[in-house]
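Per our numbering, numbering through the sequence shown is continuous, rising by one, with the last residue being 217.
Here the structure is laid out as structure tokens; the discussion comes afterwards.
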Amino acid sequence: MVSLKSLSLRIGLFIVVLFLVPWFLSLGTYFSGYAHFEDDEHDIILNAKSGLYKTIHSYEGQVYRVHRGIYASLGDSLYFFSLDGDYEANLDPEFAAKVVASDLENYFRGLTHVRIAEQNGKVIGLLQKDDIKKKFDQVVIQGRLKVWD
């Protein structure tokens, strides 16, 4: 008979491997990107290499947040897992309230799913969150998104 400890260890190891495989497949990829939210003054600059990324967020031209994390590329989807980052110090309280509200609306803390698609000959990114789909109207990505291309 299998002990409960042994079974839970095997299941835990399986789950860890299951989540690490997409990240492992992202090793060797690299890209830089710029994204602008449609109908909003929110811009994102992204640098990514071998499963690690750094983003710089600005709203109305002012940088308000920088964070780092890991990403996984699966087909036409990019998954970004935030590990470290915070809002800039000394932000105007009214501005800080506006950007925090915008971030809470746009992101699920810790995970961001972006689907890359082509529309009218242009590459766009669709931010996937529950039933709400916000669109980046301008996405510029340069680099290698898939190792096996």
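Where is the CB? At the ideal position from N, CA and C, for every residue including glycine.
These numbers were taken from a predicted model, which means no experiment stands behind them.
Pull up the distance between the alpha-carbon of residue i and that of residue j, whole angstroms please.
{"i": "E142", "j": "P90", "result": "One point to set straight first is that residue 142 is Leu, not Glu, in the sequence displayed. Whole-angstrom Cα-Cα distance: 7 Å."}
{"i": "Y220", "j": "L179", "result": "Lying outside 69 to 217, the shown extent of the chain, residue 220 is not represented and no answer is given."}
{"i": "G119", "j": "I184", "result": "17 Å"}
{"i": "I113", "j": "H135", "result": "11 Å"}
{"i": "S150", "j": "T123", "result": "10 Å"}
{"i": "D160", "j": "D154", "result": "15 Å"}
{"i": "H125", "j": "V167", "result": "10 Å"}
{"i": "H110", "j": "L194", "result": "15 Å"}
{"i": "D144", "j": "S94", "result": "13 Å"}
{"i": "A169", "j": "F163", "result": "10 Å"}
{"i": "R78", "j": "H181", "result": "28 Å"}
{"i": "E156", "j": "E173", "result": "19 Å"}
{"i": "L81", "j": "S71", "result": "16 Å"}
{"i": "N188", "j": "N158", "result": "42 Å"}
{"i": "G129", "j": "K73", "result": "53 Å"}
{"i": "T97", "j": "E186", "result": "20 Å"}
{"i": "G171", "j": "S76", "result": "As written in the sequence, residue 171 is Asp, which differs from the Gly given in the question. Rounded to whole angstroms, D171 to S76 spans 36 Å at the Cα level."}
{"i": "K117", "j": "A165", "result": "32 Å"}
{"i": "Y121", "j": "D152", "result": "11 Å"}
{"i": "F92", "j": "D108", "result": "34 Å"}
{"i": "F99", "j": "F148", "result": "13 Å"}
{"i": "N115", "j": "L146", "result": "13 Å"}
Bridge partners of residue i, per DSSP?
{"i": "D111", "result": "H104, S126"}
Just to confirm the assignment, what range does the alpha helix (DSSP H) spanning residue i have?
{"i": "S74", "result": "72 to 94"}
Exercise. Which ranges would you report for the beta strand (DSSP E) in the region 129 to 188 if only whole runs of at least 3 residues count?
Worked result: 130 to 142, 145 to 155, 179 to 187
For this session: Examine the Cβ distances between the region 139 to 157 and the region 81 to 90 and report whether three or more of them are shorter than 8 Å.
Result: yes
Exercise. Is the region 94 to 105 close to the region 72 to 85, with three or more CB pairs under 8 Å?
Worked result: no
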